[in-house]
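Residue numbering for the sequence shown follows my numbering, beginning at 306 and increasing consecutively. Note that beta-carbon positions come from the ideal geometry of N, C-alpha and C, so glycine has one too. Working notes, structure below.
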Amino acid sequence: LDTRLIGRDQQVTLDQYLNGLADGPTRQLMGMTQSDWLTARMAASGATWQVLGQQVLMARMHIPLSVASSITPETLAEFTLALATPEALRTDSQRALLAPRRVPYNLDAWDGYPAARETVLAAARTQGKNLISLAGDTHNMWGANLIDATGQRVGVEFGTSSVSSPGFETRLPLISNSLLADAFLKMVADLRFAETSKRGYLVLTLTPAEARGDWLEVSTVFSRSYSTATTASMRALPGPTNLDLVPI
Numbered sequence: 306l307d308t309r310l311i312g313r314d315q316q317v318t319l320d321q322y323l324n325g326l327a328d329g330p331t332r333q334l335m336g337m338t339q340s341d342w343l344t345a346r347m348a349a350s351g352a353t354w355q356v357l358g359q360q361v362l363m364a365r366m367h368i369p370l371s372v373a374s375s376i377t378p379e380t381l382a383e384f385t386l387a388l389a390t391p392e393a394l395r396t397d398s399q400r401a402l403l404a405p406r407r408v409p410y411n412l413d414a415w416d417g418y419p420a421a422r423e424t425v426l427a428a429a430r431t432q433g434k435n436l437i438s439l440a441g442d443t444h445n446m447w448g449a450n451l452i453d454a455t456g457q458r459v460g461v462e463f464g465t466s467s468v469s470s471p472g473f474e475t476r477l478p479l480i481s482n483s484l485l486a487d488a489f490l491k492m493v494a495d496l497r498f499a500e501t502s503k504r505g506y507l508v509l510t511l512t513p514a515e516a517r518g519d520w521l522e523v524s525t526v527f528s529r530s531y532s533t534a535t536t537a538s539m540r541a542l543p544g545p546t547n548l549d550l551v552p553i
């Protein structure tokens, strides 16, 4: 699938998102021609898994507006401390930090095109399909559940790291990987796995019984001599009551 060039509407800014400009019911990421083709192909398929090879994260990656406005070691530490503080003991600033207003951390992904995402998720749900989204582009490793607007699990997403392009360890060099990954897991309800500093790749193994993802990291991208190690392994089982990424 193409989510970068053919049919997408213009990306919105954070201010435009806050003003509701991303919520238009006709807003497209793939374009109607490609979207209709995908819905028809899913309907015609009898496969256990419907695998979408595409570019950007489909899972809802919403984080508190207070953090999105300034992702720093201080704001992340303040957020995690506020979250760990019992409600009765929280300060006003901590309550504001945990306020329900959340925004996508990246508006260049499906989060910036919610109606288009819902079209895909609704098609998979109504057709009884087990959906898998494969994503990259962020240069980091992610594993998440795909939840539709009704709150139902529709599928799972495996997001691969880049082979060599830098990720958050370069974009946010002052934030340790452990702090950032832990914060994302606490901020994003649908997220099941995050690794924000390793280069590598994903191996996806599909059988009628399960979908398994193994994230592998390389020791270095600056030498022809390197080693690999498994960072994490997760799987999902088919069926509407499953479709939940769990560690192996």
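Among the options, nearest to residue i - alpha-carbon criterion
i: Thr-510; options: Leu-343, Thr-353 and Pro-330; result: Thr-353
i: Met-363; options: Arg-332, Asn-411 and Met-347; result: Asn-411
i: Leu-451; options: Thr-443, Glu-392 and Ala-541; result: Ala-541
i: Ser-532; options: Lys-503, Pro-543 and Glu-379; result: Lys-503
i: Asn-482; options: Phe-498, Leu-548 and Ser-469; result: Phe-498
i: Pro-330; options: Ala-421, Ala-516 and Leu-496; result: Ala-421
i: Ala-516; options: Arg-395, Glu-379, Ala-449 and Gln-315; result: Ala-449
i: Leu-326; options: Gly-336, Met-337 and Asp-314; result: Asp-314
i: Met-347; options: Gln-359, Thr-431, Ser-470 and Leu-319; result: Thr-431
i: Pro-378; options: Ile-480, Pro-543 and Gly-544; result: Ile-480
i: Ala-349; options: Ser-375, Thr-380 and Ala-428; result: Ala-428
i: Leu-306; options: Arg-458, Trp-342, Leu-436 and Leu-394; result: Trp-342
i: Pro-552; options: Ala-401, Trp-447 and Asp-397; result: Trp-447
i: Val-408; options: Gly-351, Ile-376, Leu-436 and Ala-514; result: Ile-376
i: Ala-345; options: Leu-310, Lys-434, Ala-488 and Leu-490; result: Lys-434
CA-to-CA distance, residue j to residue i, given in whole angstroms
i: Pro-478; j: Asp-416; result: 25 Å
i: Ala-373; j: Met-492; result: 11 Å
i: Ser-438; j: Val-356; result: 6 Å
i: Gly-456; j: Ser-528; result: 46 Å
i: Glu-423; j: Arg-476; result: 30 Å
i: Gln-333; j: Gln-339; result: 10 Å
i: Ile-368; j: Ala-486; result: 13 Å
i: Met-366; j: Pro-405; result: 14 Å
i: Pro-471; j: Asp-442; result: 11 Å
i: Leu-426; j: Pro-419; result: 10 Å
i: Gly-358; j: Thr-308; result: 10 Å
i: Ser-546; j: Ser-530; result: Before going on, a small fix: residue 546 reads as Thr here, not Ser. So the two alpha carbons sit approximately 44 Å from each other.
i: Leu-496; j: Leu-550; result: 9 Å
i: Gly-336; j: Thr-380; result: 37 Å
i: Ala-382; j: Leu-323; result: 25 Å
i: Glu-392; j: Ala-494; result: 19 Å
i: Asp-320; j: Asp-397; result: 25 Å
i: Gly-312; j: Arg-395; result: 46 Å
i: Arg-458; j: Val-468; result: 30 Å
i: Pro-513; j: Pro-543; result: 8 Å
Three-way DSSP call (helix, strand, coil) for residue i in this model
i: Pro-463; result: It is Phe, not Pro, that sits at residue 463 in the sequence shown. Residue state, collapsed to three classes: strand.
i: Tyr-506; result: strand
i: Arg-313; result: coil
i: Phe-527; result: coil
i: Ser-375; result: coil
i: Gly-417; result: helix
i: Met-335; result: coil
i: Ser-438; result: strand
i: Gln-457; result: coil
i: Asn-482; result: helix
i: Thr-535; result: strand
i: Met-366; result: coil
i: Asp-519; result: strand
i: Gln-359; result: coil
i: Arg-422; result: helix
i: Ala-345; result: helix
i: Leu-403; result: coil
i: Arg-430; result: helix
Rounded Cβ spacing between residue i and residue j (contact assumed at less than 8 Å)
i: Leu-501; j: Asn-445; result: Just to set this straight, residue 501 is Thr in the shown sequence, not Leu. Right, their Cβ atoms sit about 5 Å apart.
i: Ala-454; j: Val-361; result: Incorrect: roughly 19 Å between the Cβ atoms, too far for contact.
i: Ala-387; j: Leu-370; result: The Cβ separation is near 14 Å, so there is no contact.
i: Gln-399; j: Thr-390; result: 6 Å
Cβ of residue i within 9 Å of any chain C Cβ
i: Glu-500; result: Included in the structure is just one protein chain, with no chain C present.
| Do three or more CB pairs link the stretch 505 to 522 to the stretch 533 to 544 at distances below 8 Å? | yes
| message | For the structure I just gave you, are there three or more beta carbon pairs, one from the stretch 498 to 508 and one from the stretch 456 to 472, closer than 8 Å? | response | Using a C-beta cut-off of 8 Å, the stretch 498 to 508 makes contact with the stretch 456 to 472, since at least three inter-stretch Cβ pairs fall below that distance.
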